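The numbering used here applies: residue 3 is where the sequence shown begins, and numbers increase by one.
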Amino acid sequence: MVALKDCLILCITFGLLVLVQRNRLACAQSGSRIKYWIHIKNNLPNDEVLQVQCSSENQTMRMRLVNMGEEYVFWTTQYTKEIWCHFTWGKYEQQNTVRSIFWNNKDFLGSCLDLNCLWTVQDNGLFLHNPPHMGFTFVYKWDLP
Numbered sequence: 003m004v005a006l007k008d009c010l011i012l013c014i015t016f017g018l019l020v021l022v023q024r025n026r027l028a029c030a031q032s033g034s035r036i037k038y039w040i041h042i043k044n045n046l047p048n049d050e051v052l053q054v055q056c057s058s059e060n061q062t063m064r065m066r067l068v069n070m071g072e073e074y075v076f077w078t079t080q081y082t083k084e085i086w087c088h089f090t091w092g093k094y095e096q097q098n099t100v101r102s103i104f105w106n107n108k109d110f111l112g113s114c115l116d117l118n119c120l121w122t123v124q125d126n127g128l129f130l131h132n133p134p135h136m137g138f139t140f141v142y143k144w145d146l147p
């Protein structure tokens, strides 16, 4: 009986998450602007705190601290041409690790499943979610000493 109750709770929770995502997608497409949600997840080892500061052609966002296992999430519109971010952590704080994480072209936007562009930061590089392969694809290697 407990297993059935747990399964029912899980199914209801999943159903609600699907409804919320569909509503978010519909809202994002309802106006003249389409919103793309950028997710940057910290998957660095040893509980490293990731520092991220992103900019576009007309805006510089404030620096964010992202704990291990957490995400920094923000949105942009289809009118943004490019967003790049400066990544630093631990002993690599002084390194030049600026990478483009959003491009307004169909090849990149095809990686944004339901308008969500998912990135993961690891010690060996930066990876982008690849919906056709249901996993992450290596995109950038860090320029580290």
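Backbone N, C-alpha and C fix where the C-beta goes; we use that ideal spot for every residue, glycine too.
In this text the structure is predicted, and so the values were computed from the model without any measurement.
Excluding sequence positions up to five before and after Val100, its CB lies within less than 6 angstroms of the CB of Trp86 and His88, all in the same chain and listed in chain order. Counting only the Cα atoms, Val68 lies some 19 angstroms from Phe138. Taking C-beta separations shorter than 8 angstroms and ignoring five residues to either side along the sequence, the partners of Ile36 in its chain run Ala30, Thr79, Gln80 and Leu117, following chain order. Shortest Cα-Cα distance from His41 to any of Met136, His131 and Phe140 involves His131. For Leu111, the enclosing alpha helix (DSSP H) stretches over residues Lys108 to Leu111. The alpha carbon of Trp91 has as its nearest neighbour, out of Met136, Asp125 and Pro133, the alpha carbon of Asp125.
Rounded to the nearest whole angstrom, the CA to CA distance from Ser102 to Ser113 is 14 angstroms. Val51 and Asn44 have their alpha carbons spaced roughly 8 angstroms apart. Gln61 counts as exposed, since fewer than 16 other beta carbons sit within 10 angstroms of its beta carbon. Distance from the CA of Asn107 to the CA of Ser58, rounded to the nearest whole angstrom, comes to 15 angstroms.
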